[in-house]
Amino acid sequence: MLNTEDTIEVIGARAHNLKNIDVVIPREKLVVITGLSGSGKSSLAFDTIYAEGQRRYIETFSAYARQFLGGLERPDVDKIDGLSPVIAIEQKTTSKSPRSTVGTITEIYDFLRLLFARAGEAYSYNTGEKMVSYSDDQIKELIFENFNGKRINILAPIIRSRKGHYRELFEQISKQGFVKVRVDGEIRDLEFGMKVDRYKTHDIETVIDRMAIDSTEDMDKRLTESIKTAMYHGDGIMMIIEQESQEVRYFSRNLMCPTTGISYPNPEPNNFSFNSPKGACPHCNGLGTVNEINLYKIIPNPKLSIKQGGFAPLGEQKSTWIFKQLEIIGEKFGFKLTDPIEAIPADAMDMILNGGNEKFSVVSKVMGITKDYKIDFEGISNFIKNQYDESGSASIKRWAKEFMDEIECPECHGTRLRKESLYFKINEKNIGDLSSMDIDELSGWFKDLDANLSEKQKVIAAEVVKEIKARLQFLVDVGLNYLALHRSSKSLSGGEAQRIRLATQIGSQLVGVLYILDEPSIGLHQRDNEKLIHSLEQLRDIGNSVIVVEHDKDMIERADYVIDIGPKAGRFGGEIISIGTPAELLKENTITAQFLNGQMEISVPKKRREGNGNLLKLSGATGNNLKNVSVEFPLGKLICVTGVSGSGKSTLINETLYPILNTHFFNAVKKPQPYKTIEGLEYIDKVIDIDQSPIGRTPRSNPATYTDVFSEIRSLYTQTPEAMIRGYKPGRFSFNVSGGRCETCEGSGVRTIEMSFLPDVYVECETCQGKRFNRETLEIRYKGKSISDVLEMTVDEAVPFFENIPKIYRKIKTIQDVGLGYITLGQQSTTLSGGEAQRIKLATELSKKDTGNTFYILDEPTTGLHFEDIRVLMDVINKLVDKGNTVLIIEHNMDVIKLADFIIDIGYEGGKGGGELIAKGTPEEIIKNKRSYTAQFLKKELH
2 MLNTEDTIEV IGARAHNLKN IDVVIPREKL VVITGLSGSG KSSLAFDTIY AEGQRRYIET
62 FSAYARQFLG GLERPDVDKI DGLSPVIAIE QKTTSKSPRS TVGTITEIYD FLRLLFARAG
122 EAYSYNTGEK MVSYSDDQIK ELIFENFNGK RINILAPIIR SRKGHYRELF EQISKQGFVK
182 VRVDGEIRDL EFGMKVDRYK THDIETVIDR MAIDSTEDMD KRLTESIKTA MYHGDGIMMI
242 IEQESQEVRY FSRNLMCPTT GISYPNPEPN NFSFNSPKGA CPHCNGLGTV NEINLYKIIP
302 NPKLSIKQGG FAPLGEQKST WIFKQLEIIG EKFGFKLTDP IEAIPADAMD MILNGGNEKF
362 SVVSKVMGIT KDYKIDFEGI SNFIKNQYDE SGSASIKRWA KEFMDEIECP ECHGTRLRKE
422 SLYFKINEKN IGDLSSMDID ELSGWFKDLD ANLSEKQKVI AAEVVKEIKA RLQFLVDVGL
482 NYLALHRSSK SLSGGEAQRI RLATQIGSQL VGVLYILDEP SIGLHQRDNE KLIHSLEQLR
542 DIGNSVIVVE HDKDMIERAD YVIDIGPKAG RFGGEIISIG TPAELLKENT ITAQFLNGQM
602 EISVPKKRRE GNGNLLKLSG ATGNNLKNVS VEFPLGKLIC VTGVSGSGKS TLINETLYPI
662 LNTHFFNAVK KPQPYKTIEG LEYIDKVIDI DQSPIGRTPR SNPATYTDVF SEIRSLYTQT
722 PEAMIRGYKP GRFSFNVSGG RCETCEGSGV RTIEMSFLPD VYVECETCQG KRFNRETLEI
782 RYKGKSISDV LEMTVDEAVP FFENIPKIYR KIKTIQDVGL GYITLGQQST TLSGGEAQRI
842 KLATELSKKD TGNTFYILDE PTTGLHFEDI RVLMDVINKL VDKGNTVLII EHNMDVIKLA
902 DFIIDIGYEG GKGGGELIAK GTPEEIIKNK RSYTAQFLKK ELH
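Each residue of the sequence shown is one higher than the last, beginning at 2 in the working numbering.
Given below as structure tokens:
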């Protein structure tokens, strides 16, 4: 028996489908929780152990603080002993903010900012010279050295290249006791009422002192005073002009260009942050992209006239103010609204697009009178831009965005930083250059850095560089060497985001913590799996407990302890069916053990499909890291796109192929990544994409509403004799609108009681007893069941119940076919696991009538699936392909890859080392390729 001090003891866990289970988990070990999808793994790991850890942490706060946090309800468990502080690393935790990047999440960018602020060397953006800064004593010494025996003027720069008449400024300078100023290179006496041309740009300096330099003690004193005064008035900058040669020298306490006199503020870490006004590019506010009006979207067909709707945002002519203004512009420039847009003069187009404000008169020759007109027009382009920038309405912003393109910011070229920040360099690289390197390249740059630093820089940078190198190594260790620091976090996949958080946690070197991870191997190629497992072992070895919810064979075999939950899923799961070391697990008779010891397996097909002979050809794809890839997709087959993480699979399929097909069939707006041509679109008639996003974010969403089968069930209930007598419509049977729902709980079945600084308590609604509907609605029955009873049915119970109603039967049968017979029709979407949500999406699409020419795209459908679930899923997918459809799967799982008819392998590495097509053909052909990483692992599966 395990020693109680070294264990976490969970007694009486009943969250979701857990059946009052007791479990003892060893501490400071790598523990894997496995089992069928939906068996209760996440319920134990996240909804019980993590939820209790989080609740205990929040309970340490004062009652006053807790009322602002919103309490956490106690999980449904009798007690948990031996719990340490818990950190959960889930897949849903990335920030969707456009300001969040890989660099900011991992904190490497924070260290880079510190490095550049303290050890960076500044260069002038005008001349490229190294910037200089002096102390007052250094300036005095330089003046004695360079100007001894010469007459000089000491000046303080006040105005730099700005327009204005500056009368008040001259008065102010005069009041301060100065008698001369230098205006645009000419020294003048200050006079009362003096001013300059307000429409020209001017340079103005105050003359502080004029002196002949000698080495007397009085001169030393006077020069010190004059330098102080000049620095005070010139904001840290002063000028020296030698009277004879008129040579100008600048001196500054700040960083300054010795030739042109431009100065930078002394660098602080904030100056390199795109989230701070001090460092962000002013043009794009630190986002790196700006929205520009696209004229082709405003005028899609210049042959049309304004009247016919040639300006897309305005539509066809109506009697509105805007068209009256266009008529007045036509009067001024001599065109009519019936003329084609391409015939309108350039000046008029400029006014229509960019606006104008003027008055003019037109003499009518026929009538002999003069008509006065006034144009006060904002301009179509300006109007769209203003609506996008200032409107509070999301729909108006969406409308405006239809006429705009998101382009790289022309000022900062996507680096997000202001010009000055990019001219601080270390070893000839600025912070923007380092952010755009992939992690591998950046690690190499830091390894060679020491040899290229001065002694002073080495001392300053030593600690920071050590920290950066360590964090970069952690990212390499979890298989993320292909990412760049400037990569936006919202473009990361769930697995990538989770592994970044894992790398950050390893970097923090905490001890005595319980880490809970949710399938960290998602989206990771078999090659990098070893690195990931090693990282988790590292976390364990420094004194942490690691619990991993996982289906990966290698991870299970390398664990110290395995908990298998089952025996089936949903209400037929929630029990511990095996617990112990991996060696002990293999001797058990569970489904997991049978797959691990080879008793059960997903068998390789005897013969690969021939397809229908047609091809979809995509050529010249160059998005992100793709290197001019041309690829053929044979139709009527099961196609697998494989390759290491970051090799370019998602760019090729999700960002190039899918948007092309979606735009062709459904006029979608998402722009594909650059490509040259696509051929063979005539051989398919629609495209369906099934990704990993959740199906519903509120408890009101459920499988019945998502698959739209609930609409059919509600229609069925309206046709029952009793409902027809009462005149009930489908809305009567909806729990989202008033009428048939219980108004006490507004159709949610539970009432939320707010407990101020304690967690909200959910109690069953006393009016409807959790049935969601009112008494009258529940009186309507079909085959003796009310609408509430139907929502409580499992899919397995509903299939025979509705077998005579084809519309309903077809939809729920496909949910059963994808292996989800155990979920109830009314189960809240928020309680579904990731794998279940994706299969409900798949079922929704499969229940639609396929045409035999449909192109399905699935992005890692095995996410969250056990070996047995994968077998069930692949049976469904194979049926689809047998009907003549094409199914393309992006996948790392060898059980799926070995079933493919055709494999497209992208590689060789991730990031810049990827983006090439390295192998294509049947699995048997792929394994002959010596350079493909996929081939090495596939060979083991086929033999």
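The beta-carbon is built from N, C-alpha and C at its ideal position, and this holds for glycine as well.
* To do: Would you please state the rounded distance, in angstroms, between the beta carbons of residue 948 and residue 290? I believe it to be under 8 Å.
  => Coverage of the chain is limited to positions 2 through 944, which leaves residue 948 absent and any answer about it impossible.
Every unbroken alpha helix (DSSP H) inside the region 594–666 [4 residues or more]:
650–653
Sufficient close CB pairs (3 or more, under 8 Å) joining the region 866–884 to the region 896–904
yes
Query raised in the report: Hey, how far is the Cα of residue 59 from the Cα of residue 625?
Result: C-alpha separation (whole angstroms): 43 Å.
Open item on the list: Suppose you measure from the CA of residue 415 to the CA of residue 288; what does that come to, to the nearest Å?
Closed with: 8 Å
message: I need the straight-line Cα distance from residue 100 to residue 395, nearest angstrom please.
response: 20 Å
Exercise. CA-CA distance, residue 186 and residue 134?
Worked result: Those two C-alpha atoms are separated by around 24 Å.
Residue range of the unbroken alpha helix (DSSP H) whose run includes residue 89: Looking at the DSSP string, residue 89 is not in any alpha helix (DSSP H); the run it does join, the beta strand (DSSP E), is 87–90.
For residue 864, tell me which candidate among 668, 656, 520, 530 has the shortest Cα-Cα distance. 520
ask   = Would you call the CB atoms of residue 479 and residue 532 closer than 8 Å?
value = yes
Margin query: Contact defined as beta carbons within less than 8 Å: I believe residue 639 pairs with residue 879. What is the distance between those atoms, to the nearest angstrom?
Written below: With 8 Å as the limit, residue 639 and residue 879 qualify as a contact, their Cβ atoms being about 7 Å apart.
**Asked** Rounded to a whole number of angstroms, what is the C-alpha to C-alpha distance between residue 911 and residue 614?
**Response** So the two alpha carbons sit approximately 32 Å from each other.
Please work out which residues of its chain come closer than 8 Å, Cβ to Cβ, to residue 513, disregarding the five sequence neighbours upstream and downstream, and give them in chain order. 85, 86, 544, 545
Just checking my contact of residue 1007 with residue 264 at CB under 8 Å: how many whole Å lie between their CB atoms?
The structure shown does not extend to residue 1007, since the chain spans only 2 to 944, so no value can be given for it.
**Message:** Which same chain residues end up closer than 6 Å to residue 53 when comparing Cβ atoms and leaving out the 5 residues on each side of it in sequence?
**Reply:** 76, 81
Check: Which residues in the same chain have their Cβ closer than 7 Å to the Cβ of residue 2, if we skip the five residues on either side of it in sequence?
Finding: The predicted position of residue 2 is uncertain, since its pLDDT is 46 and thus under 50; no value can be drawn from it.
Would you call the region 766–776 and the region 677–688 in contact, with 3 or more CB pairs under 8 Å? no
Using a Cβ-Cβ cutoff of less than 8 Å, which residues in the same chain neighbour residue 387 once the five nearest sequence positions on both sides are dropped? 379
Residue from 150, 176, 274 with nearest C-alpha to residue 115
274
Excluding five sequence neighbours on each side, which residues of the same chain lie with their C-beta closer than 6 Å to the C-beta of residue 430?
none
Original post:
Going along the chain, which unbroken runs of the beta strand (DSSP E) with 3 or more residues stay wholly within the region 22–53?
Top reply: You should have 22–27, 31–36.
Might you give, ordered along the chain, the residues of its own chain that have their beta carbon closer than 8 Å to the beta carbon of residue 435, omitting 5 neighbours on each side? 113, 443, 446, 486
Pick from 924, 398, 104, 923 that is closest to residue 484, judged by C-alpha positions: If we check each option's Cα against that of residue 484, 104 comes out closest.
_What residue range does the beta strand (DSSP E) around residue 917 cover?_
Where residue 917 is concerned, the enclosing beta strand (DSSP E) stretches over 917–922.
Nearest by alpha-carbon distance to residue 577: which of 29, 37, 8 is it? 37
Query - Buried or exposed by the 16-neighbour rule on C-beta atoms within 10 Å, applied to residue 24 - result: Counting C-beta atoms within 10 angstroms of its own C-beta, residue 24 has 16 or more neighbours from the protein chains shown and is therefore classed as buried.
Report the CB separation of residue 182 from residue 171 in whole angstroms; it is logged as a contact under 8 Å. 7 Å
Q: Compare the Cα-Cα distances from residue 1 to each of 224, 737, 340 and report the closest residue.
A: Residue 1 is absent from the structure shown; the chain starts at 2 and stops at 944.
Own chain, CB closer than 6 Å to residue 22, minus 5 neighbours either side, in chain order:
14, 577
message = Is the beta carbon of residue 827 closer than 8 Å to that of residue 703?
response = yes
(message) On the CB-based measure, 16 or more other CB atoms within 10 Å of its CB, does residue 18 come out buried or exposed?
(response) buried
Notebook entry, point to check: CB-CB under 8 Å to residue 151, same chain, minus the five flanking residues each way: which ones, in chain order?
Noted result: 213, 214, 243, 244, 245
Inter-stretch contact at 8 Å, needing at least 3 Cβ pairs: the region 808–817 / the region 843–856: yes
Query - Other residues of its chain near residue 676: CB distance less than 8 Å, five sequence neighbours each side excluded - result: 619, 620, 621, 622, 623, 624, 657, 661
Reduced DSSP category for residue 131 - H, G, I as helix; E, B as strand; rest coil: Residue state, collapsed to three classes: strand.
Candidates 685, 197, 663, 398: closest to residue 636 by CA position | Comparing Cα positions, the closest option is 685.
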